[in-house]
Structure formats: C-alpha cells, structure tokens
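With the first letter of the sequence shown counted as 1, position 65 gets the number 1549 in our numbering; the numbers rise by one all the way through.
Glycine included, each C-beta is placed from N, C-alpha and C at the ideal position.
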Amino acid sequence: MNDRVINDRAHLLSRDHLAALTPAFDILPYAEAQIHRCLAVQEEGGLLLIADPESAAHLIPWADAYLGRPFTLAFAAAADIAAVLADYGEGMLAMDALAPAAAPDEAAGDEGIESLSLDSIHSQSSAIVRLTNSTLYDAYKAGASDIHLESSGEGLRVKYRLDGVLSPIAEPAGVQTAEQVISRIKVMAELDISERRVPQDGRFKVRINQREVDFRVSVMPSIHGEDAVLRILDKSALTDQMSSLTLDALGFRPEMMRQVRRLAREPYGMFLVTGPTGSGKTTTLYAVLSEVNTGRDKIITIEDPVEYQLPDVLQIPVNEKKGLTFAKGLRSILRHDPDKILVGEIRDAETAQIAIQSALTGHLVFSTVHANNAFDVISRFRHMAVAPQSFVSAINGILAQRLVRLNCPQCTVPAHPDAALIADSGLTESDVAGFDFRQGSGCPHCRGSGYKGRRAVVELLRLDDDMRELIVAEAPLRQLREEAERSGMRDIRAAALDLVRDGLSTLEEINRVTFVA
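Okay, here's the thing in structure tokens:
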C-alpha cells in the first residue's frame, strides 16, 4: 500500500473551495471519479485525493491500487463533490462540442492503430473525441465485456457490462452529444455515418497499455436516434491467459472435470457446449482444447471471430463478405487432414449436417449451440432437419452452462436470507440447513455491487445407449430427464446451489441465471 497522509485541513473543504480547484482527470478519469464520488487534484506538494469522510475507509484501498502513487487525503461533503462533478461534466461536454473529431490515425502507431492513454485523451481538443476515447479507456480498465451507448430524449446513457450485468456509468446531456458520439464510433468502425435507418455492424482496433484491443460494433436505429453496443476483445490478454486456461482454472468440480476430459479425449464424435450469449461457451471449449493440444494431432478451428490465439493450431476466421461461412470453411477443413475440429457455432442446417458427418467419419468435433439447456439442443437439431439416428450416433456429450457472479472477497459478510427469499427459491429452511450464507456488502473493489468475478455452473448430458434409444424414439422430455438423472446427471440449478452452500454466491444471483425448480 502506498504511503499517504491525511491533509491538515481539519475542516471539510467548502463547495466554493472545490470549485476553485482543477480536477486531474488525466490521473483519475472523470468516469471513475463519478463512480467513486471523489476528486484528484494535482498540487505543487503532490497529488490530493478529495473524498467523503464516510466513504474514505473503503475508498483508500481502491485508490492505492488504481492510482499507483502516493497521495494526500482531504475531505469534502459528498453532495459538494457530486455537485462539482456535475458542473465539470456539463462543462466538459459543452466545451467545443461542435469541434470536428480528430482523424482516427492522429495518435496512431506504426500500423495505423490509434493509441489511447490518459495523456492522449487529455490532450484532445474535441470534447466528443475526448468523451468517446475516455469511455473506451475506462471500460477496458474496468474489465467490462461490453459498452452500451443508448440515445434518449435527453442525451446519452453510457453503461458497462460488468460480470454479465449492465451498470450505469454516466448520462451526458444533450441530444447532439449522443448523435456525435455515435457518429464518432461509426467513423472508427468505418460505417456509413449518413445512414441512420438500418442496423450496421463493424469493428475497429485501438492500442491501450501497449495491447491491441478489438471492438466489435453493432449500431441499431431507435426512436431517439441510434444506439451502439461495443464488444471488447483483448486478444493479447486472452492469449496470455491460455497458458493457465484449464478446467481447473474455470472452477469445474473434480467429478465434472473428469467426465469432460474423458469426452474431450474420445477418438471421434462430437462434444457440444450450449448456453445463451455471454455464458462462457467459447472459454470452456478453449480450456478443453488447450488440455488436449499435445502437438500430436492436427487441430483446426473456424470461428467468428478468432477470440484466442493458440500455438500449433490452425485458426480460420469466418468472412461472410468474402463467402467464407462456417459451412464452406468446414468443407475445406475436412480436406486439410484434421484430427480435431472446433466449429465456433452451429447456427444453420448446412453447418449441422457437415459437422455431424465429420464426427461420423473419424473426426473429433467441438462446437457451440445456442440453447437454454442440454435437452433443448436435441430440439434444435431436430428443427435443423438432422436425422435423429445421425445425431445420436455422432454426439458424445452436451455441456450446458451459465456464469454466476461470485461474492466480492473484499466485502463479503455473513447474511442469512429471509424466509420469503428462501421460499421464492423453491427451498425450505430444512433444505438450507448447513448453508454458509454470505453476501457482499458493496465496496470500491466491486463498484458497490457486492459481486466480483464469475464462475461457470454446468450440467453434462452424456449419451449412452439407453439415452440414444429414447432420443431416436422421440420420447417426451420428462422421460429423457428421468433417464439422465438415473445416469447421475446433476442439473445447472443444483450446481448453482452448491455455490450458495459454500458461501460463494447468493440466492438472488442464482435465481437470476437459473430456473427455480
């Protein structure tokens, strides 16, 4: 922890005193200052951090880690800090709002990729460029997976998706501000800024902290103008993590790891991972693939996009504009002498048929399917006109998963839920006897949410001969579930309850992501 002193101004700084200071948003970005309700000011004697006395105890550990430098702590009323931030925010947006955006390559590196840093953001003359770039930078530093820019009748709403949940960050005022920020994003993604009536998709790349970060952009028309969603993909960080990306690192329980590893080492067939968007399907598949990548097999992947970079693996990005679809790419892969194939997603009948045939002709195929649970995958393949006999012959197992937020380790405290929540969770007091109920109280480390990080909860459907016969006979879902349970399958809800029992998550969280039995 950095050394610091408490400022000798024993009284609270007044609002007028605060207004006379110049916040150092190059050191503590505006969005972070707004979230944590504090101000950083660079004075001759060093860095001054101004905070509400009641939040200082929680703020100091976060500020030590975030600022990474010594600072002096001073105090002011929370309402006064909020007022100064609001005034400064309005001024920041109003100042030079109509100035032309800087060229995308103004701060570009050797490859024409724009570099974002606190210095480059602070030096921007255009408020719109500064607002856009600081949002990208802050979201990356906060560990967000997505940025949502929503136009409203009053201006722009900025939200980050943190640990799978949207968190409001800021609401810059002004309809013109919203239009110009969206236009700036469209320029960066090389989209048509004059077209506002149809959806557009694109992508761009920036360099942050010497890392190349990809942003996938989706722009959608709305009644108030346009909304944009940016998916953040830090390929360099993901590639660095691959050396330690295993089923153990993902938090899989020992018995589940044993079963998944057995399916991943079968000589041929298909192993599917299913779940909604953002449930960690690709991460799980790559953890499996990294464990079986011994260098003795030819492994080829086709993905949209390639999110991880693996050594000794041929990875092919889908390019539908050039005609390279999953189906066409998969046909070509089969002529390239593969042993193991990863198909990023099975989303149509043609890809499904080719993947099934690949599994039936001696290849081990890994893929993902969008479905709610393991049994819904069977219905999806039926709807794609795949013959049940072919499907059951090819499939070795189906893993369904969700991501559950974990209690923040910095602020978790014992917290027994009330009787109403237990009942709404489909449980009784006797069912939860022995549970170590805990819950995060909220702190700067978790941005006040009480949660930090996520873990996968899964269910695994293995297809033995009895299950295959029931699927071919189109047995009802209840009968399929009974057979799966007889074979030892535990559903996602049971896996989620294990996290609550161990004090790692809460009933509210597992009720959010899994069905109450």
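Residue i and residue j: beta carbons closer than 9 Å?
i	j	result
leucine 1826	glutamate 1787	yes
leucine 1633	arginine 1645	no
phenylalanine 1999	arginine 1965	no
leucine 1615	leucine 1551	no
leucine 1945	phenylalanine 1859	yes
valine 1942	glutamine 1885	yes
valine 1888	valine 1997	yes
proline 1822	isoleucine 1879	no
leucine 1714	isoleucine 1631	yes
threonine 1506	leucine 1532	no
leucine 1890	leucine 1988	yes
asparagine 1777	proline 1760	no
valine 1703	valine 1697	no
proline 2015	alanine 1547	Residue 2015 is absent from the model: the chain starts at 1485 and stops at 2001.
DSSP three-state label for residue i, please.
i	result
leucine 1533	strand
proline 1588	Annotation note: pLDDT 42 at proline 1588 (below 50); position unreliable, coordinate value reported separately. Note: proline 1588 maps to coil in three-state DSSP.
valine 1659	helix
leucine 1650	strand
aspartate 1986	coil
phenylalanine 1509	coil
valine 2000	coil
valine 1853	strand
glutamate 1538	helix
isoleucine 1598	The question names isoleucine, yet the displayed sequence has glutamate at residue 1598. In this structure, glutamate 1598 counts as strand in the three-state DSSP scheme.
tyrosine 1644	strand
valine 1870	coil
threonine 1758	strand
leucine 1729	coil
leucine 1848	strand
methionine 1485	Low confidence applies here, because methionine 1485 scores a pLDDT of 44, under 50, leaving its location unreliable and the question unanswered by this model.
methionine 1576	At methionine 1576 the pLDDT is 46, less than 50, meaning the model places this residue with poor confidence and gives no usable figure here.
Cα separation between residue i and residue j?
i	j	result
leucine 1497	alanine 1535	10 Å
leucine 1452	arginine 1819	Shown here, the chain extends from 1485 to 2001; a query on residue 1452 therefore has no answer.
phenylalanine 1736	valine 1757	14 Å
asparagine 1995	isoleucine 1906	11 Å
aspartate 1949	glycine 1972	15 Å
arginine 1815	glutamine 1684	29 Å
valine 1802	arginine 1687	14 Å
serine 1610	aspartate 1510	15 Å
glutamate 1750	arginine 1742	13 Å
alanine 1578	aspartate 1711	The predicted model places alanine 1578 with a pLDDT of 37, which falls under 50 and marks its position as unreliable; any figure quoted below should be read in that light. Near 21 Å, if we compare the C-alpha coordinates of aspartate 1711 and alanine 1578.
arginine 1931	methionine 1951	46 Å
alanine 1503	glycine 1937	37 Å
leucine 1717	lysine 1643	17 Å
methionine 1754	glycine 1648	28 Å
leucine 1947	glycine 1918	34 Å
alanine 1979	glycine 1637	43 Å
phenylalanine 1850	alanine 1654	41 Å
alanine 1836	valine 1870	7 Å
leucine 1991	arginine 1974	18 Å
aspartate 1915	proline 1901	13 Å
valine 1744	proline 1789	25 Å
threonine 1852	alanine 1566	46 Å
What residue range is occupied by the uninterrupted alpha helix (DSSP H) comprising residue i?
i	result
methionine 1973	That residue, methionine 1973, is in no alpha helix (DSSP H); it is neither H nor E in DSSP.
glutamate 1655	Looking at the DSSP string, glutamate 1655 is not in any alpha helix (DSSP H), and its letter there is neither H nor E.
phenylalanine 1859	1858–1867
serine 1618	1611–1626
valine 1744	1738–1748
alanine 1504	1499–1504
At what residues does the beta strand (DSSP E) containing residue i begin and finish?
i	result
threonine 1556	1555–1559
glutamate 1634	1630–1635
glutamine 1526	1522–1527
glutamate 1992	Counting along the chain, glutamate 1992 falls outside any beta strand (DSSP E), though it belongs to the alpha helix (DSSP H) covering 1991–1997.
Practice problem: Write down every uninterrupted run of the beta strand (DSSP E) in the region 1879–1955 whose length is 3 residues or greater and which is fully enclosed by it, in chain order. | Solution: Whole beta strand (DSSP E) segments, 3+ residues: 1879–1891, 1896–1898, 1922–1924, 1935–1946.
Practice problem: Scan the region 1661–1726 and note each continuous alpha helix (DSSP H) run of 4 residues or more that stays entirely inside, going in chain order. | Solution: Entirely contained in the region 1661–1726, the alpha helix (DSSP H) runs reaching 4 residues are, in chain order, 1719–1725.
Practice problem: Run through the region 1768–1837 for me and flag every whole alpha helix (DSSP H) of 4 or more residues, listed as ranges in chain order. | Solution: Within the region 1768–1837, the alpha helix (DSSP H) runs of at least 4 residues that lie entirely inside it are, in chain order, 1810–1818.
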